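In case it helps, the numbering used here puts the sequence shown at residues 6 to 268. Written out below as structure tokens is the structure these notes cover.
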Amino acid sequence: MLVTVVTITRTRPGLLARALDSVREQRLDAPFEHLVVIDDCHDTYLSLREREPLPAGVGWILAGRGPGDVSGPGRSSRLRNMAVRVSRAPWIAFLDDDNTWEPDHLAGLLECAARTGHRAVHSHLKMFNKDGSPYLEQRDPWARDPAQGRAEYARMRARGVVEPGSCVRRDRFDPPGVPDPVVSVDTGEWLLARELLLEVPFTDDFDARDEAELIGEDDKLARSLRERGEPVSCTGRPTLRYHLGGYSNDFSRPFDATFSWRD
Numbered sequence: 006m007l008v009t010v011v012t013i014t015r016t017r018p019g020l021l022a023r024a025l026d027s028v029r030e031q032r033l034d035a036p037f038e039h040l041v042v043i044d045d046c047h048d049t050y051l052s053l054r055e056r057e058p059l060p061a062g063v064g065w066i067l068a069g070r071g072p073g074d075v076s077g078p079g080r081s082s083r084l085r086n087m088a089v090r091v092s093r094a095p096w097i098a099f100l101d102d103d104n105t106w107e108p109d110h111l112a113g114l115l116e117c118a119a120r121t122g123h124r125a126v127h128s129h130l131k132m133f134n135k136d137g138s139p140y141l142e143q144r145d146p147w148a149r150d151p152a153q154g155r156a157e158y159a160r161m162r163a164r165g166v167v168e169p170g171s172c173v174r175r176d177r178f179d180p181p182g183v184p185d186p187v188v189s190v191d192t193g194e195w196l197l198a199r200e201l202l203l204e205v206p207f208t209d210d211f212d213a214r215d216e217a218e219l220i221g222e223d224d225k226l227a228r229s230l231r232e233r234g235e236p237v238s239c240t241g242r243p244t245l246r247y248h249l250g251g252y253s254n255d256f257s258r259p260f261d262a263t264f265s266w267r268d
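Put into structure tokens, the structure is as follows:
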């Protein structure tokens, strides 16, 4: 296998089915596998069993929980790290169960990695509301405070990341030394060498400051890569279809009955 695609899922079998289809539709002239990590959810496990025989290259792990395990970025980090250890493919990509990819997503990332020789490459994304409509609000959706969200949108607009009337977000990974840097890459945009993820695993320690600033596992991974000076390249193509409504941007209801930003 050249690439392992990792999807972590819990209580959303309908969305998982959409993600499975998205990975199956990848136009890639190389072998890849899709590893689904089920976070202690029997209903989702049954939904996969009902689809058997699964498409070629799809496998799953049912990860049980201990008494103190809760949903949140710490749990997601541990499951991602487990999937990396299980994989034997040289490249790892992540697709959350509520997102999808354009059919040329993996091919574009692998071409970028081959051209640059970098162990970390990423795409851009298109952002959608939960109902599937393009997200066009001039407000950062990850800010709880509307005024703060508008201010962050203005900053991202000035830096060329977003523009009015478009749902495309040109995420960036500015190296150290760049004034007013943009260090924003969603987990679903990355293609990372497995050896790199073994050297720099996802951090699973989150505190009150992380919760207040909505710092997720993708933010901490990007910071770790930046601190070590890891070279990063971008395809320049918006091939991740990012759907709002997850725990990092839906503040209207609890994401999960067990959810906690801190363990």
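For each residue, glycine too, the CB sits at the ideal point set by N, CA and C. Note that the coordinates shown come from a computational prediction; the quantities given were computed from them, not determined experimentally.
The bridge partners DSSP lists for S189 are R177. Shown here, A227 sits in a helix according to DSSP, grouped into three states. The shortest CA-to-CA distance from L100 to any of R177, L196, A61 is the one to L196.
A straight line joining the alpha-carbon of H127 with that of A148 spans about 23 Å. Our two residues, E142 and V187, have alpha carbons roughly 20 Å apart in a direct line. Given a length threshold of 4 residues, each whole run of the alpha helix (DSSP H) inside the stretch 84-142 is given here in chain order: 110-121. Taking the Cβ atoms as the reference, H123 lies roughly 5 Å from S238, within the contact range of under 8 Å.
Excluding residues up to 5 positions away in sequence, V89, I97 lie with their Cβ nearer than 7 Å to the Cβ of L202 in the same chain. In this structure V91 does not touch S265 by the C-beta definition: roughly 26 Å separates them, more than the 8 Å allowed. Between A198 and P36, the gap from beta carbon to beta carbon reaches 8 Å or more. Counting the other Cβ atoms within 10 Å of the Cβ of G193 gives 16 or more, which makes it buried. Scanning D185, F133, D150, P206 for the CA closest to the CA of G170 turns up F133. Across the structure, T244 and D268 are spaced so that their CA atoms are roughly 33 Å apart.
The three-state reading of DSSP puts L33 in coil, since its state is none of H, G, I, E or B. For R17, the three-state secondary structure derived from DSSP is coil.
Listed in chain order, the alpha helix (DSSP H) runs fully inside the stretch 42-78 are 47-56, counting runs of at least 4 residues.
The stretch 106-116 makes contact with the stretch 26-33, as at least three CB pairs between them are under 8 Å.
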